[in-house]
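One structure below.
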Ligand SMILES: Cc1cc2nc3c(=O)[nH]c(=O)nc-3n(C[C@H](O)[C@H](O)[C@H](O)COP(=O)(O)OP(=O)(O)OC[C@H]3O[C@@H](n4cnc5c(N)ncnc54)[C@H](O)[C@@H]3O)c2cc1C
Ligand code: SF4
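Numbering (this note's numbering), first residue to last: 119 to 592.
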């Protein structure tokens, strides 16, 4: 029988057709790869993992056939070990620091080994943690993404009652709505959420947390105000991630076919094919604006969904792209075209249907004076305007910060739109609120959100036990 949340995912999603980029290892392959590991004494791979998983230890257990023990080692450090195995950019984290790189040999495939162990345990329904003896304390967690899930799991083990409020219909945050399907499809994220939740906390989906006296912005079925959470719960964890796609304010941005990148990816991942947001038969040319990892994800997804010409437009040169080099190289190999040192000035209506986009108007960019960071600022070249045909456009120039929502909480300070937290505890300027994940770190990886959620949970536990926080309705 389909689980509560999995039943809400349409079976015919566009993402379902995208093959796993790194297929799972079978038992023989996993043991062979595990036996290559040197089990380094001062393993640099551990230091590169934000959750500090004892990597040589879990790999040694695979090599000796102790898969249960291996999964326990991983999940004890990081309860999101399954999704992290699939989505972590291991090339720049653990595997990037593996000593084999110095020997000019391929690093240990740590992500695939982690996936082997965690899936082995999931397939057998193995559980390693129990709900702690009830303390009577209650914690509200805003958002049901990786940060809140990690925090709620830790708090539940420590005996506290947790309720997650999620504005969307599906939990899992960007693991469910944003991560490229060839790394992880939505059902794997939902499988992980169900597994983590089984420890005994509640997720209320379709409930958006809002400043007092305001309406929601996520289109959720219902809302709940901060003051109500403060009455009902002793402590509150904010794990809301980042906001909607940033807008550029250019002419034609509202034409049909012009999408914010995250909104388009969410459709590809969570909607049925008929609602994917573009008419696949009509789209021959897609243009993606931006040079970061989200832009690279979209161009690769569109190529894999058989869009013929996919062009990435970035205002600087390839070496200055913020996206990971290995991802840029994959995109190039998959046939993505790069239109560098160019910037959009307008989205042009289609000649036959003025309600739809037909082209992107661009201007060439040259490097001008250095900015505060020392990087030379790109500036438009006069008379260089030109057009690229595009029946589909995705704008991947960043996500907004949730300043209106977060700025409404008394005492909570924001820095460039991020929640300012004490790095050692995740506590904010308001002593009853903690935060972690993208809304506090500005947008990193799933593994950072998992680490920060767990760190905050331990601090919340301490504060509730010493009586320094208490619900206002108590
Ligand atoms: C397109 C894209 C691809 C990515 N790919 C990768 C990848 O391959 N590997 C990787 O490690 N990281 C990746 N990341 C980054 C990673 O997804 C994030 O760092 C991580 O999900 C952050 O977790 P979080 O819990 O802080 O926030 P989120 O995952 O954003 O979850 C926040 C949740 O809070 C909910 N919410 C927001 N406001 C409210 C409210 N007022 N009330 C109730 N609920 C609310 C949201 O609906 C959401 O479900 C990617 C990010 C993007 C945008
Ligand atoms: S650095 Fe590489 S070889 Fe050494 S313990 Fe880590 S994975 Fe094994």
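C-beta: ideal position from N, C-alpha, C; glycine also.
DSSP three-state label for residue i, please.
i           : result
residue 538 : coil
residue 435 : coil
residue 385 : helix
residue 474 : strand
residue 271 : helix
residue 486 : strand
residue 122 : coil
residue 510 : strand
residue 80  : Examination of residue 80 is not possible in this model, given that the chain is present from 119 through 592 alone.
residue 184 : coil
residue 504 : strand
residue 147 : helix
residue 417 : helix
residue 515 : coil
residue 444 : helix
residue 295 : helix
residue 353 : strand
residue 231 : helix
residue 497 : strand
residue 152 : helix
residue 253 : coil
residue 462 : strand
residue 467 : strand
residue 128 : coil
residue 454 : coil
residue 196 : coil
residue 553 : strand
residue 135 : helix
residue 284 : strand
residue 208 : helix
residue 378 : strand
So does residue i have its beta carbon nearer than 6 angstroms to some heavy atom of ligand 1?
i           : result
residue 536 : no
residue 423 : no
residue 299 : no
residue 286 : yes
residue 383 : yes
residue 283 : yes
residue 140 : no
residue 556 : yes
residue 405 : no
residue 380 : yes
residue 170 : no
Is residue i close to ligand 2? I mean its beta-carbon at under 6 angstroms from any heavy atom of the ligand.
i           : result
residue 260 : no
residue 155 : yes
residue 413 : no
residue 252 : no
residue 202 : no
residue 206 : no
residue 431 : no
residue 167 : no
residue 467 : no
residue 94  : The requested residue 94 does not occur in the structure, where the chain is confined to residues 119 to 592.
residue 161 : yes
Taking residue i as the reference, which of the options has the closest Cα?
i           : options               : result
residue 229 : 301, 331 and 474      : 301
residue 406 : 477, 564, 392 and 331 : 477
residue 417 : 299, 188 and 518      : 299
residue 380 : 458, 294 and 330      : 294
residue 461 : 483, 135 and 317      : 483
residue 399 : 561, 383 and 420      : 420
residue 212 : 155, 492, 456 and 411 : 155
residue 487 : 481, 565, 497 and 254 : 497
residue 317 : 250, 305, 378 and 333 : 250
residue 472 : 373, 275, 338 and 456 : 373
residue 505 : 493, 468, 525 and 528 : 468
residue 306 : 320, 321 and 290      : 290
residue 174 : 254, 226, 315 and 310 : 226
residue 328 : 137, 343, 337 and 246 : 343
residue 556 : 163, 550, 220 and 566 : 566
Since residue i contacts residue j with CB under 8 angstroms, what's their CB separation in whole angstroms?
i           : j           : result
residue 123 : residue 288 : 6 angstroms
residue 568 : residue 268 : 4 angstroms
residue 546 : residue 520 : Not quite, the Cβ-Cβ distance comes to about 14 angstroms (not below 8 angstroms), so this is no contact.
residue 511 : residue 408 : Contact doesn't hold; Cβ gap of about 11 angstroms is too wide.
residue 423 : residue 132 : 6 angstroms
residue 355 : residue 244 : So it is not a contact: roughly 27 angstroms between Cβ atoms.
Using beta carbons (cut-off 7 angstroms, strictly below), is residue i in contact with chain C?
i           : result
residue 145 : Here chain C cannot be found, since the structure has a single protein chain.
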